[in-house]
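Below, the structure is given as structure tokens:
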């Protein structure tokens with residue numbers, strides 16, 4: 003199969019040309035040359051883009067996805083990283099299920115006011131403590147000899 007120009011890659015993969023240029027800048031993909039002003043890519047870039055899309059859908063950052071490829075471009079996926087992401091997704095699913103259940107309860111609660119509902123008050127306390135929904139950023143770790 004012949005090399006594909008950037009427009010063909012964008013059309014076949016569904017990834018906008020601007021994202022392709024960004025991925026190339028980040029080192030996730032590499033063009034093999036140019037035809038005029040257009041970048042050319044090996045047809046194998048389509049499979050690589052599919053792996054990037056899968057990684058993004060699973061919640062991996064582009065930097066994490068970059069680690070999933072060996073210097074020769076072949077996939078090199080750390081199974082521990084996959085397991086850690088699966089555990090992170092399990093936690094998110096549990097949090098979302100609790101939020102869904104709380105919303106359903108609040109919508110159907112017979113209490114005269116949500117503020118009189120013990121379940122809703124418990125949900126409010128959890129939200130105030132950061133236990134649901136909003137993700138708090140981790141505080142930076144002190145460097146050696148600090149804090």
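Residue numbers (my numbering): 3 to 149. Backbone N, C-alpha and C fix where the C-beta goes; we use that ideal spot for every residue, glycine too.
Contact check, residue i vs residue j, beta carbons under 9 Å
i           : j           : result
residue 74  : residue 37  : no
residue 17  : residue 43  : no
residue 109 : residue 87  : no
residue 14  : residue 48  : yes
residue 132 : residue 121 : no
residue 81  : residue 72  : no
residue 152 : residue 107 : Residue 152 lies beyond the stretch modelled for the chain, which goes from 3 to 149, so this question has no answer here.
residue 66  : residue 53  : no
Cβ distance (whole Å) where residue i is taken to contact residue j below 8 Å
i          : j          : result
residue 64 : residue 30 : 7 Å
residue 3  : residue 45 : 4 Å
For residue i, the nearest candidate out of the options (CA to CA)
i           : options              : result
residue 26  : 119, 50, 5 and 14    : 50
residue 20  : 34, 35, 89 and 40    : 40
residue 125 : 97, 80 and 114       : 97
residue 5   : 24, 32 and 28        : 32
residue 69  : 116, 128, 28 and 115 : 28
residue 58  : 114, 91 and 117      : 91
What are the uninterrupted segments assigned as alpha helix (DSSP H) that are 4 or more residues long and contained completely in the segment 43-91, given in chain order? Within the segment 43-91, the complete alpha helix (DSSP H) runs of at least 4 residues are 47-59 and 64-68.
Write down every uninterrupted run of the beta strand (DSSP E) in the segment 6-46 whose length is 3 residues or greater and which is fully enclosed by it, in chain order. Whole beta strand (DSSP E) segments, 3+ residues: 35-37 and 40-43.
Going residue by residue through the segment 84-133, where are the continuous alpha helix (DSSP H) segments of at least 4 residues, counting only ones entirely within it? Every alpha helix (DSSP H) stretch that sits fully inside the segment 84-133 and reaches 4 residues is listed by chain position as 120-130.
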